[in-house]
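Here the structure is laid out as C-alpha cells; the discussion comes afterwards.
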Amino acid sequence: MNVIVDTPIWSLALRRRPGVLNVQQQWLTRELSELIKEGRAQLLGAVRQEILSGIAEPERFEQIRRDLRAFADVALEPEDYEDAAITANRCRAAGIAGSAIDLLICATGMRRGWPIFTTDKDFRRYAQHAPIRLHMQPAGVGE
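Position 4, counted from 1, in the sequence shown is what our numbering calls 4; the numbers after and before it change by one each time, with no gaps.
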C-alpha cells in the first residue's frame, strides 16, 4: 500500500546529517528508505514546495530539488480539494485549526485509503474528526 510522506519526514531525511540522529529519527529515516525501495512513498506537490521553501543555500536547494525529482507528484482531483475543505470545516467546528496543506494531505490519504507518514502531532488531532490513518512507528522505538 502506498504511503503519503509528509514534510517533516522528508526534511529529516534530506536535511539532517545521519551522525546526529537519535533512535527515533534513525527509525524514521530507515522507514522512509524502505518505503522508497518498495516504491510506496508518495509525494504531494504542496509538500515538495514546503520542503524546498526556506533553503537559503542555492547549492543545497538544487541538490534537494534534484533528489525530489525522482518522485512524481500525486495527481490531485477536484474532490481532493473539496474533501480537504470539508475536513477543514469539520475540524474548525471542533476547535482545531489546520493548515491548508495538512488538510489536503488528509483528504488525499482518505480518498485513496493511504496512510500518512508524519511526525506532525496535528495529524493525531485531525484523525479524531476525519477517517485518516497514520503510518506509525512500532511501540517502544525511540521512546
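Glycine is no exception: its CB is placed at the ideal position from the N, C-alpha and C atoms.
{"Query": "Just checking my contact of A107 with D80 at CB under 8 Å: how many whole Å lie between their CB atoms?", "Result": "5 Å"}
{"Query": "What does the alpha-carbon distance come out to for the pair E62 and W10?", "Result": "15 Å"}
{"Query": "So, for L76: in the same chain, excluding its five sequence neighbours on each side, which residues have a beta-carbon less than 8 Å away from its beta-carbon?", "Result": "L44, G45, L104 and T108"}
{"Query": "What are the partner residues of Q42, as DSSP defines its beta bridges?", "Result": "I4"}
{"Query": "Quick one: using the 10 Å Cβ neighbour count with 16 as the cut-off for buried, is G98 buried or exposed?", "Result": "buried"}
{"Query": "Does the distance from the CB of L68 to the CB of R48 come in under 9 Å?", "Result": "yes"}
{"Query": "Taking DSSP as the reference, what is the three-state secondary structure of I96?", "Result": "coil"}
{"Query": "When the cut-off is 9 Å and only beta carbons count, does E62 lie next to chain B?", "Result": "The chain labelled as chain B is not found in the depicted structure, where only one protein chain is given."}
{"Query": "Would you say L35 and F117 are within 9 Å of each other, going by their C-beta atoms?", "Result": "yes"}
{"Query": "For M110, count neighbouring C-beta atoms within 10 Å of its own C-beta (all shown protein chains included) and say buried if the count is 16 or more, exposed if not.", "Result": "buried"}
{"Query": "Tell me whether Q42 is buried or exposed, calling it buried when 16 or more other Cβ atoms sit within 10 Å of its Cβ.", "Result": "buried"}
{"Query": "Rounded to a whole number of angstroms, what is the C-alpha to C-alpha distance between Y126 and A56?", "Result": "32 Å"}
{"Query": "Which class does F117 belong to by DSSP, given the choice of helix, strand or coil?", "Result": "strand"}
{"Query": "Taking DSSP's pairing of strands, which residues face D73 in a bridge?", "Result": "L43"}
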